[in-house]
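Structure first, then comments.
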Amino acid sequence: MKTATIYSVCECQAKLGAVLDEQKYVVRGWARDRRTGRELVAPAHSIGAASSKFQVGWACPFCTRNLLRSFDESALAFVAPPPERTSSPPARSSAPPARPSVRPAGT
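Numbering follows this note's numbering, in which position 19 of the sequence shown is assigned residue number 229; successive positions increment by one, without gaps.
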């Protein structure tokens, strides 16, 4: 599933973010306090996702404000998630690495 990430800022200066799917529905919302770097879940939802101009509402967990921000579909960049690794990394040998043979010069 391709997703797009949007950002905004709360009145308390927390950085708000949300991941949207291709139908512009919120998959995940969060808020990060700029002073402490602490990140909390911020419930978010999209309003009017069927139109090209839509809104996303957040409940800021730091100041408890409800925020509504407007976005335009043309500004979204949907990207596919990176492919999952199917192979495991090469196994390490438990034997110590071989030492190169060094002979003193002139012998």
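Every residue, glycine too, gets a C-beta built ideally from N, C-alpha and C.
Fair warning: this is a prediction, and the values are worked out from it, not measured in the lab.
Between T213 and A224, the alpha-carbon positions lie close to 23 Å from each other. Residue state for E283 is assigned as helix, using DSSP reduced to three classes.
In this structure, DSSP gives E294 a state outside helix and strand, which the three-state scheme calls coil. The residue among V251, H255, F281 and A241 with its C-alpha nearest the C-alpha of V219 is A241. A straight-line Cα-Cα distance of about 31 Å links H255 and R295. If you check the CB distance, T215 and V229 come in under 8 Å.
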